[in-house]
Amino acid sequence: MQVFCIAPAGFAANSYLITQDGRSAVAVDPAQPRILGEAKRCGLNMTHVLLTHGHFDHTGGCAALQQAGARVGCLVQERALALGQDSLAFGMGGRRAGEFPDFTIDFTFRDGEALSLCGIDFLVLATPGHTAGSACFLAEDCLFTGDTLFAGGVGRTDLPTGSAAALMRSLARLAALAGDLRVLPGHGEESTLLQERRYNPFFR
Ligand SMILES: [Zn+2]
Numbered sequence: 110m111q112v113f114c115i116a117p118a119g120f121a122a123n124s125y126l127i128t129q130d131g132r133s134a135v136a137v138d139p140a141q142p143r144i145l146g147e148a149k150r151c152g153l154n155m156t157h158v159l160l161t162h163g164h165f166d167h168t169g170g171c172a173a174l175q176q177a178g179a180r181v182g183c184l185v186q187e188r189a190l191a192l193g194q195d196s197l198a199f200g201m202g203g204r205r206a207g208e209f210p211d212f213t214i215d216f217t218f219r220d221g222e223a224l225s226l227c228g229i230d231f232l233v234l235a236t237p238g239h240t241a242g243s244a245c246f247l248a249e250d251c252l253f254t255g256d257t258l259f260a261g262g263v264g265r266t267d268l269p270t271g272s273a274a275a276l277m278r279s280l281a282r283l284a285a286l287a288g289d290l291r292v293l294p295g296h297g298e299e300s301t302l303l304q305e306r307r308y309n310p311f312f313r
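Residue 110 is where the sequence shown starts when you use the numbering used here, and the numbers rise one by one after that.
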């Protein structure tokens with residue numbers, strides 16, 4: 110399994126392209142439309158998009174990928190927020206009507222579900238806290254954490270549907286995952302679960 114990180118421009122989040130066969134690929138959090146061009150440059154056909162959550166800085170490339178044939182999915186609890194249908198979410202962090210091209214949610218998933226996409230097995234971990242429908246994805250030794258867990262920090266919980274108490278429970282769940290894993294967050298540098306268990310102040 111190969112993972113490409115598309116570095117963000119401006120406020121946008123990290124985007125990840127994941128492939129097993131070097132031809133078809135899954136995107137986690139396509140933050141910007143330019144991810145389509147990056148994928149083409151890597152010779153990758155994007156078939157699926159997995160959203161860690163619905164904030165606009167993680168979903169700005171969804172419409173472009175969808176128009177190119179990719180199917181977009183998120184946790185069932187995050188659907189309304191991702192589509193900008195949650196009126197509460199029009200505040201900070203939510204998508205405003207017309208701000209980014211519209212996309213649809215083609216499939217939803219639940220906690221503990223196993224998704225087999227492009228020959229890669231993704232385990233869905235519901236990790237509410239940053240938003241109520243936030244999720245992490247585990248594929249081989251890679252943990253895609255969105256805005257739940259960063260290197261040395263965590264996502265904010267003061268936006269609509271956020272909950273600090275829920276985030277603490279979600280972190281405890283991640284800390285309890287077996288062994289060491291690569292932590293691939295929505296913002297900032299890559300880390301490892303071992304490193305975060307030891308040094309992340311929110312893990313204590
Ligand atoms: Zn966010």
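For each residue, glycine too, the CB sits at the ideal point set by N, CA and C.
Own chain residues within Cβ distance below 6 Å of residue i, not counting five before or after
i: residue 247; result: 232
i: residue 290; result: 250, 252 and 302
i: residue 270; result: 240 and 241
i: residue 124; result: 115, 138, 139, 140 and 144
i: residue 196; result: Caution applies to residue 196, whose pLDDT of 47 falls short of 50 and renders its modelled position unreliable; the value that the coordinates give is listed next. Contacts found: none.
Inter-residue spacing [alpha-carbon to alpha-carbon] between residue i and residue j
i: residue 156; j: residue 229; result: 12 Å
i: residue 143; j: residue 171; result: 11 Å
i: residue 115; j: residue 260; result: 17 Å
i: residue 299; j: residue 250; result: 13 Å
i: residue 241; j: residue 187; result: 7 Å
i: residue 286; j: residue 297; result: 22 Å
i: residue 309; j: residue 244; result: 19 Å
i: residue 267; j: residue 234; result: 22 Å
i: residue 146; j: residue 113; result: 13 Å
i: residue 262; j: residue 277; result: 12 Å
Contacts around residue i, its chain only, beta-carbon distance under 7 Å, and the 5 residues preceding and following it disregarded
i: residue 166; result: 120, 121, 122 and 140
i: residue 312; result: 280, 284, 305 and 306
i: residue 216; result: 180 and 182
i: residue 129; result: 110, 227, 228 and 229
i: residue 191; result: 160, 163, 168, 183 and 214
i: residue 237; result: 243, 272, 275 and 279
Cβ distance (whole Å) where residue i is taken to contact residue j below 8 Å
i: residue 185; j: residue 159; result: At roughly 13 Å, the Cβ-Cβ gap does not stay under 8 Å, so residue 185 and residue 159 are not in contact.
i: residue 132; j: residue 154; result: 6 Å
i: residue 256; j: residue 295; result: 5 Å
i: residue 174; j: residue 151; result: At roughly 14 Å, the Cβ-Cβ gap does not stay under 8 Å, so residue 174 and residue 151 are not in contact.
Whose beta carbon lies closer than 5 Å to any heavy atom of ligand 1, going through the chain in order? 164 and 256
Only counting runs of 3 or more residues, tell me where the beta strand (DSSP E) segments fall wholly within the segment 217-281, in order along the chain. 223-226, 229-235, 244-248 and 251-255
Any beta strand (DSSP E) of 3 or more consecutive residues that is wholly inside the segment 126-186: 133-137, 154-159 and 180-184
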